[in-house]
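Numbering (this note's numbering), first residue to last: 211 to 587. These notes concern the structure reproduced below.
Spelled out as structure tokens, the structure:
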């Protein structure tokens, strides 16, 4: 099997991640923060250690600003529903995921509006596209760091600076970029960073992270936090305010090992490896007349290691099924981002998406290219 669907979730997980989950299940799978016995205290310490690793990886001011969620979607929903109210206007990019567009659509009947700014390969144009759509009532800009479909990288540092110059809050969706590109919260002062734990951070599924550099949010969930139980209202302290209910302690333990894996390998080294594979694939596909690619170029640093393509006349999901027969795991369709496909005129057919990971090799890519040649002869 050749697994090239790392944009959905990374596979295989590092051995250390699997071991950490196994150890936590066997030795201290207790409810953190709910009891005073030794297993509960050990579980709480494990969760704190994961916060500490994430604080260092993202250069966050304090561990308490690291909020654990079920996934990136939950993190984005927490920001959107916790911040916006009637009369607010939001700007989003033309490459956003349904985890952004669907919550915003649901708020339309409550008087929240949103507009879409276009991506440009020229960063100056992208920033201008944001600036030109700002309104007096614009409260928030949400921007993916890298498109989950086409890999386009947005200049989030510059967009954030622009937002703050206008007194607007900025939220980054880094589901496809955390662990691949450096994300420096302390230097750039992103107000909110949302990410998954199970993609390029190599943690288990069911893990996500919300980094709060701005605390003016209402929580998405209310309930038991293990602290201030006598109060009727939700605690205001972080991270408890946003972490009601029992946490995915075993998943978080695995995520801790995943973050260690990323830090030990080095984000730049991981990107260089995955970019080399994606670039090889892109070049090979671009030289096949029956293959349609969608990136005008595939320049270093301008794209995440994500390649979307189609074979002329073949439905994307049918092609995925054919590749599966050769033992190649990819993803077809709309990838939960119809907005991106509408922008790129691929909404009718979708695309086949290939996302290499840290454990893929150049032989995997060469084998895929050979199969594509066979299918297009």
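The beta-carbon is built from N, C-alpha and C at its ideal position, and this holds for glycine as well. Since the structure is predicted, the reported quantities are computational estimates derived from the model, not experimental observations.
Legend entry - Sequence-distant residues of its chain with Cβ nearer than 7 Å to residue 565 (five each side left out): 214, 215, 216, 217, 515 and 516
Inset, instruction - Could you confirm whether any beta carbon from chain B is found closer than 9 Å to the beta carbon of residue 523? - result: Checking the listed chains, one finds no chain B in this structure; it contains a single protein chain.
Inset, instruction - Go to residue 473, then tell me how far its alpha helix (DSSP H) extends in each direction, as first and last residue. - result: 459-475
Inset, instruction - Within the stretch 240-321, note down every full beta strand (DSSP E) run reaching 3 residues or more, in order along the chain. - result: 276-279 and 299-303
Inset, instruction - List the endpoints of the continuous alpha helix (DSSP H) containing residue 396. - result: 395-398
Legend entry - residue 247, buried or exposed, once every other Cβ within 10 Å from all chains shown has been counted against 16: exposed
Inset, instruction - Figure out for me which residue from 450, 520, 360 and 487 has the closest Cα to the Cα of residue 187. - result: Outside the shown range of the chain (211 to 587) lies residue 187, about which nothing can therefore be said.
Legend entry - Closer than 8 Å: residue 286 CB and nearest the ligand NAD heavy atom: Although the ligand NAD was asked about, the structure shown includes no ligands whatsoever.
Inset, instruction - Whole angstroms is fine: what's the gap from residue 474's alpha carbon to residue 569's? - result: 15 Å
Inset, instruction - Report yes if the CB atom of residue 421 is closer than 9 Å to the CB atom of residue 268, and no otherwise. - result: yes
Inset, instruction - Using three-state DSSP, classify residue 575 as helix, strand or coil. - result: helix
Inset, instruction - Identify whether residue 538 lies in helix, strand or coil by the three-state DSSP scheme. - result: strand
Inset, instruction - Starting from the Cα of residue 227, find the closest Cα among 386, 443 and 407 and give me that residue. - result: 407
Inset, instruction - May I ask which residues mark the beginning and end of the beta strand (DSSP E) holding residue 325? - result: 323-327
Legend entry - Proximity winner among 272, 320 and 387, relative to residue 291 (alpha-carbon distances): 320
Legend entry - Start and end residues, beta strand (DSSP E) containing residue 563: 562-564
Legend entry - At least three beta-carbon pairs within less than 8 Å, the stretch 521-541 to the stretch 493-504: yes
Inset, instruction - Give the DSSP-derived three-state secondary structure of residue 520 in the structure shown. - result: strand
Legend entry - For residue 404: DSSP bridge partner residues: 383 and 420
Inset, instruction - Would you kindly report the start and end of the unbroken alpha helix (DSSP H) that includes residue 350? - result: It is not in any alpha helix (DSSP H) - residue 350 instead sits in the beta strand (DSSP E) that spans 348-354.
Legend entry - For residue 213, the three-state DSSP class (helix, strand or coil): strand
Inset, instruction - Under 6 Å Cβ to Cβ from residue 359, same chain only, skipping five residues before and after it: list those, please. - result: 518, 545, 547 and 550
Inset, instruction - Reducing DSSP to helix, strand and coil, say where residue 363 ends up. - result: strand
Inset, instruction - Grab me the residues of residue 527's own chain with a C-beta within less than 6 Å of its C-beta, minus the 5 sequence neighbours each way, in chain order. - result: 542 and 543
Legend entry - Beta carbon of residue 436 nearer than 9 Å to that of residue 281: no
Legend entry - residue 325 beta carbon less than 9 Å from that of residue 301: yes
Legend entry - Element boundaries [beta strand (DSSP E), containing residue 501]: 501-503
Inset, instruction - Specify the secondary structure class of residue 390 as computed by DSSP and reduced to three states. - result: coil
Inset, instruction - Please determine if the stretch 326-334 and the stretch 304-316 are in contact, where contact requires at least 3 C-beta pairs separated by less than 8 Å. - result: yes
Legend entry - residue 231, enclosing alpha helix (DSSP H) - first and last residue: 225-237
Legend entry - Given 8 Å, three or more beta-carbon pairs between the stretch 332-341 and the stretch 360-376: yes
Inset, instruction - Please determine, among 373, 419, 533 and 556, the residue with the shortest C-alpha to C-alpha distance to residue 586. - result: 533
Legend entry - Span separating the alpha-carbon of residue 535 from that of residue 298: 49 Å
Inset, instruction - Write down the C-beta distance between residue 418 and residue 539 rounded to the nearest angstrom, noting that I regard them as a contact closer than 8 Å. - result: So it is not a contact: roughly 23 Å between Cβ atoms.
Inset, instruction - Look up residue 440 in the DSSP assignment and say whether it is helix, strand or coil. - result: coil
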